[in-house]
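If you read the protein sequences in the order shown, they are chains Y and E.
Going by the numbering used here, the first sequence runs without a break in its numbering and finishes at 323.
Going by the numbering used here, the second sequence runs without a break in its numbering and finishes at 1323.
Think of the CB as a built atom: it goes at the ideal place given N, C-alpha and C, for glycine as much as any other residue.
Worksheet: the structure to be examined is printed underneath.
There are 2 protein chains.
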Amino acid sequence: MKCKVLELLRSHREPVSGEEISAQLGVSRTAVWKHIKTLREEGYEIVSQPGKGYLLKGIPDLLLRGELAHFLAGSMFARSIQCHLTVGSTNDLAKAAADQGAPEGALVVAECQEQGKGRLGRQWFSPQGGGIYASVVLRPPLKPEQAPGFTLLAAVALAEAVQKVAGLTPGIKWPNDVLLAGKKFCGILTEMKAEMDRIYYLVIGTGINVNTDPQSFPESLRDTATSIKTEGGKAVSRIELLAVYLKNMETLYKVYLEQGLPPVIEKWKTWNVTLGQAVSLTSGGEVFQGRAVDIAGNGGLVVVGNDGEERIFQSGEVTLRTK
Amino acid sequence: MKCKVLELLRSHREPVSGEEISAQLGVSRTAVWKHIKTLREEGYEIVSQPGKGYLLKGIPDLLLRGELAHFLAGSMFARSIQCHLTVGSTNDLAKAAADQGAPEGALVVAECQEQGKGRLGRQWFSPQGGGIYASVVLRPPLKPEQAPGFTLLAAVALAEAVQKVAGLTPGIKWPNDVLLAGKKFCGILTEMKAEMDRIYYLVIGTGINVNTDPQSFPESLRDTATSIKTEGGKAVSRIELLAVYLKNMETLYKVYLEQGLPPVIEKWKTWNVTLGQAVSLTSGGEVFQGRAVDIAGNGGLVVVGNDGEERIFQSGEVTLRTK
């Protein structure tokens, strides 16, 4: 019933009287008042205008299940939503859900991660307040060698979302580091369970420093990490950013399944800050130096070495070199 | 103590008296007699020669933990051995063990699988009596795109083991169907958990029709399936075959880690029945017809299509076509 009260307030741009809510929903005015009180406690800004009624003026910037369901209505990511205050790692919860048969699109969100994970077993600093920590389960009818395409796809979805919601223009460093002013504000970790012939499931985990204060970062990160608020100068709605990101991801996922990776790569290239650059690429303990020249059809990075040798890397870590 | 009695009998080629066993192990002669009785019940053939003592003449053809530990002594596959009579699927148990931190080399063996799994979600018929159903956990410091190499590697390890133990010469159909007289007697299912930059673990599951009677197969399989006993005309020791297979796998695994896949591919080619053949390759719902001409450096199958186009497949299913 609380949700129905909220939906009713959402659908009105003018104040609605307690009497009208009571009549429309068939509950007592006391009950209406109690639900309004609870919603206010959850952070909803509901003003009471004497003689007119209640008006919803603001929603809390909390990743609440009901809010996500509202913003994601009709999307595959609205099918199964888990919201937590504190978790170990959203990817671990999403993998556990996938092992238990969670549907494609299952979403796990947290306000804080105690063991947030980055690539290669690294930590992803995940403080409470201002960050998005979200993981989704996908079950693409594809093969393991097609999985790296999803790291490009997720980066494009995020770059587009940041531009739309925050009005900023990020750059993507291959494969999926999304940067603002050359600094990292987002990490994407894609994990999979598969046999050699097909993927069972992918979990794409995303950590985004949205309104996070970089002063709260460990000192070792302060030079290289940033947040959207820091770069844009104002806070943005986390709910809106997450919803736009996931909707973009769904759109690109359909493109990948229907048309293959090339159209995703074309979009990726519009955000690219890697191609044309002198790079050091660390992959499997080896460091390769050269110039990044292209993205291969399967998403790999094509690098021409200093000795003229061309190599394609499916994974690895790029450092942009200043000459 | 039962194991010590067994080890003592194993180490003697002549009968050992109950008195001597009793003295060497520091237990009563009644205790010795009870352990001998238990071992006999487990299937050990221990003859009692009047006036001389006990002689171990045969070990049971059961995949017993103690026997496997004995045959695999010193191997990475002796680190953690689980033996079961009946399981759902050894791969599922091995994955669960790996998720719980099982060491590299962890081995799960069963006499019978109720839900034996093949590639692409198919069933692997796993009756009790005569078959080997075994899964191992590997944790290679490699990337997901290097995982398909293990399917070739496992097939080579098995082909070599069958030749050594059964004296037969199997053929390998790409990627890892090991055949006798053109019929399948073995299935290998490789599963993995990974992030895009590294494999967390691989589980390689192997089902082998060793002494299985093909008359026990479902009718739909009888034309295409066989067993080692059927083709060789005599039963072979399952314990020995499994131990030789796993030791071969360990050797090839070291070669792969130290020298890369090419030397494994060279060995694979000596068993090959695919290259030079007209093939239909089904991969991701697509059927490609042509001639299999080579194995790529990463283990993929190089096929020249009927239209002259050359393509490399990382996974898929090959049908050898009769022209």
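- Query: At a Cβ cut of 9 Å, what residues of the segment 181 to 215 of chain Y count as close to chain E, listed as they run along the chain?
  - Reply: Those residues of the segment 181 to 215 of chain Y that come within reach of chain E (Cβ to Cβ, closer than 9 Å) are L189, T190, E191, M192, K193, A194, E195, M196, D197, R198 and Y200.
- Message: Let's test the definition: count the other Cβ atoms within 10 Å of the Cβ of G325(Y) and tell me whether it reaches 16, buried, or not, exposed.
- Response: With chain Y running from 1 to 323 in the structure shown, residue 325(Y) is simply not present.
- Could you give the residue range of the alpha helix (DSSP H) that holds T251(Y)? Translated into the one-based positions of the first sequence, residue 251(Y) becomes position 251. According to the DSSP assignment, T251(Y) belongs to the alpha helix (DSSP H) that extends over R238 to Q259.
- Under 8 Å between C-beta atoms, does E145(Y) make it to chain E? Within the first sequence, residue 145(Y) is the residue found at index 145, counting from 1. It does: the Cβ of E145(Y) has a partner Cβ on chain E nearer than 8 Å.
- Give the secondary structure of R321(Y) by DSSP, where H, G and I count as helix, E and B as strand, and everything else as coil. Here residue 321(Y) refers to the residue found at position 321 when the first sequence is read from its first residue. In this structure, R321(Y) counts as coil in the three-state DSSP scheme.
- Neighbour-count burial assignment, Q1123(E), 16 or more Cβ in a 10 Å radius: Taking the second sequence and counting its residues from 1, one reaches residue 1123(E) at position 123. So Q1123(E) counts as exposed.
- Message: According to DSSP, is T190(Y) part of a helix, a strand, or is it coil?
- Response: Position 190 of the first sequence, counted from the first residue, corresponds to residue 190(Y). T190(Y) falls in the strand class under three-state DSSP.
- Report the residues of the segment 110 to 124 of chain Y with a CB closer than 7 Å to any CB of chain E, ordered along the chain. Interface annotation for the segment 110 to 124 of chain Y against chain E: R119 and L120, criterion Cβ-Cβ distance under 7 Å.
- Cβ of S1315(E) within 8 Å of any chain Y Cβ: Start at 1 with the first residue of the second sequence, and residue 1315(E) comes out as number 315. Closer than 8 Å: yes.
- Query: Terminal residues of the continuous alpha helix (DSSP H) containing F1150(E)?
  - Reply: As a first step, residue 1150(E) is located in the second sequence; it is residue number 150 there, counting from the start. From DSSP, the alpha helix (DSSP H) with F1150(E) extends over G1149 to A1166.
- Message: Taking 7 Å as the cut-off, is the beta-carbon of A1157(E) closer than that to any non-hydrogen atom of the ligand FMN?
- Response: Summarising the ligand content, the structure contains no ligands, and the ligand FMN is consequently not present.
- Message: Strictly below 9 Å CB to CB, what residues from chain Y border P1148(E)?
- Response: Taking the first residue of the second sequence as position 1, residue 1148(E) is located at position 148. Going along chain Y in sequence order, the residues near P1148(E) (Cβ under 9 Å) are P144, E145 and M196.
- Query: Hey, is G284(Y)'s beta-carbon within less than 8 Å of any beta-carbon in chain E?
  - Reply: Walking along the first sequence from the start, residue 284(Y) turns up at place 284. Yes, G284(Y) lies at the interface with chain E (some Cβ there is under 8 Å from its Cβ).
- Item | Of the listed residues G18(Y), R79(Y) and L107(Y), nearest to Y54(Y) (C-alpha basis) | Working through the first sequence from its first residue, we reach residue 54(Y) at position 54. When the alpha-carbon of Y54(Y) is set against those of G18(Y), R79(Y) and L107(Y), the nearest one is in G18(Y).
- Item | Best match in E67(Y), L64(Y), A69(Y) and I46(Y) for proximity to G58(Y) [C-alpha to C-alpha] | Translated into the one-based positions of the first sequence, residue 58(Y) becomes position 58. Measuring from the Cα of G58(Y), the nearest candidate turns out to be I46(Y).
- Message: Please classify L120(Y) as buried or exposed, where buried requires at least 16 neighbouring CB atoms within 10 angstroms.
- Response: Position 120 of the first sequence, counted from the first residue, corresponds to residue 120(Y). Classification for L120(Y): exposed.
- Run the CB neighbour count on L1257(E), radius 10 Å, all protein chains shown included, and call it buried at 16 or more, exposed below. On the second sequence, position 257 is the one that residue 1257(E) refers to. Here L1257(E) is exposed: its Cβ has fewer than 16 other Cβ atoms, across all protein chains shown, within 10 Å.
- Query: Going by beta carbon distance, what residues of the same chain come within less than 6 Å of G232(Y), once the five residues before and after it are set aside?
  - Reply: Looking up residue 232(Y) in the first sequence gives position 232. By the criterion of a C-beta distance shorter than 6 Å, G232(Y) is surrounded in its chain by A166 and L168, once the five residues flanking it on both sides are discounted.
- Would you check if there are 3 or more beta carbon pairs closer than 8 Å linking the segment 1171 to 1190 of chain E to the segment 1263 to 1277 of chain E? Enough Cβ pairs lie closer than 8 Å, so yes.
- Item | Run of the alpha helix (DSSP H) containing I59(Y), from where it starts to where it stops | Numbered from its first residue, the first sequence carries residue 59(Y) at position 59. Run containing I59(Y): none; DSSP gives neither H nor E here.
- Query: Expressed to the nearest angstrom, what Euclidean distance is found between the alpha-carbon atoms of T1206(E) and S1135(E)?
  - Reply: For this step, residue 1206(E) is matched to residue 206 along the second sequence. For this step, residue 1135(E) is matched to residue 135 along the second sequence. In this model, T1206(E) and S1135(E) are separated by some 6 Å (Cα to Cα).
- Quick one: is E14(Y) buried, meaning 16 or more other Cβ sit within 10 Å of its Cβ, or exposed? Within the first sequence, residue 14(Y) is the residue found at index 14, counting from 1. Result: exposed.
- Any C-beta of chain Y sitting closer than 8 Å to the C-beta of T1251(E)? In the second sequence, the residue the question calls residue 1251(E) occupies position 251. Taking Cβ atoms only, chain Y never reaches closer than 8 Å to T1251(E), which makes this a no.
- Message: Just verifying my parser: in three-state terms, what is the DSSP assignment at D92(Y)?
- Response: Against the first sequence, residue 92(Y) aligns to sequence position 92. In the displayed model, D92(Y) falls within a helix according to three-state DSSP.
- Item | Under 8 Å from the C-beta of T230(Y): neighbouring residues of chain E | Looking up residue 230(Y) in the first sequence gives position 230. Going along chain E, no residue has its Cβ under 8 Å from T230(Y), so there is no contact; the nearest lies around 28 Å.
- Item | Closer than 8 Å to chain Y by CB, T1090(E) | Residue numbering aside, residue 1090(E) sits at position 90 when the second sequence is read from its first letter. No - not a single Cβ of chain Y is within 8 Å of the one on T1090(E).
- Identify the continuous alpha helix (DSSP H) that holds L1039(E) and give its terminal residues. Counted from its first residue, the second sequence places residue 1039(E) at position 39. First-last of the alpha helix (DSSP H) with L1039(E): R1029 to E1041.
- With a threshold of 16 other CB atoms inside 10 Å of the CB of E393(Y), please say whether the residue is buried or exposed. Any question about residue 393(Y) goes unanswered here, given that chain Y covers just 1 to 323.
- Closer than 9 Å at the beta carbon, the chain Y residues around T1151(E): Residue 1151(E) sits at position 151 when you count from the first residue of the second sequence. M196, listed in chain order.
- If you compare alpha carbons, which of H84(Y), K2(Y), T319(Y) and N298(Y) is closest to I312(Y)? Stepping through the first sequence from its first residue, residue 312(Y) is reached at position 312. Sorting H84(Y), K2(Y), T319(Y) and N298(Y) by C-alpha distance to the C-alpha of I312(Y) places N298(Y) at the top.
- Message: For Y1200(E), which residues in the same chain have their Cβ closer than 6 Å to its Cβ, ignoring the five residues on either side in sequence?
- Response: If you number the second sequence from 1, residue 1200(E) lands on position 200. Short of 6 Å from the beta carbon of Y1200(E), and not among the five residues preceding or following it, lie these beta carbons of its own chain, in chain order: K1193 and A1194.
- Indicate whether the contact test is met: 3 or more Cβ pairs, each with one atom in the segment 206 to 216 of chain Y and one in the segment 1210 to 1227 of chain E, closer than 8 Å. At 8 Å Cβ cutoff, the stretches do not touch.
- Message: When you compare the CB positions of A147(Y) and I188(Y), do they come within less than 8 Å of one another, or not?
- Response: Position 147 of the first sequence, counted from the first residue, corresponds to residue 147(Y). Position 188 of the first sequence, counted from the first residue, corresponds to residue 188(Y). In terms of Cβ geometry, A147(Y) and I188(Y) do not form a close pair [threshold 8 Å].
- Message: When you compare the segment 1073 to 1083 of chain E with the segment 1036 to 1051 of chain E, are there three or more beta-carbon pairs, one atom per stretch, that lie closer than 8 Å?
- Response: These segments do not touch.
- Query: Is the beta carbon of V109(Y) less than 8 Å from the beta carbon of L68(Y)?
  - Reply: As a working mapping, residue 109(Y) is identified with position 109 in the first sequence. As a working mapping, residue 68(Y) is identified with position 68 in the first sequence. Yes, the Cβ-Cβ distance between V109(Y) and L68(Y) is below 8 Å.
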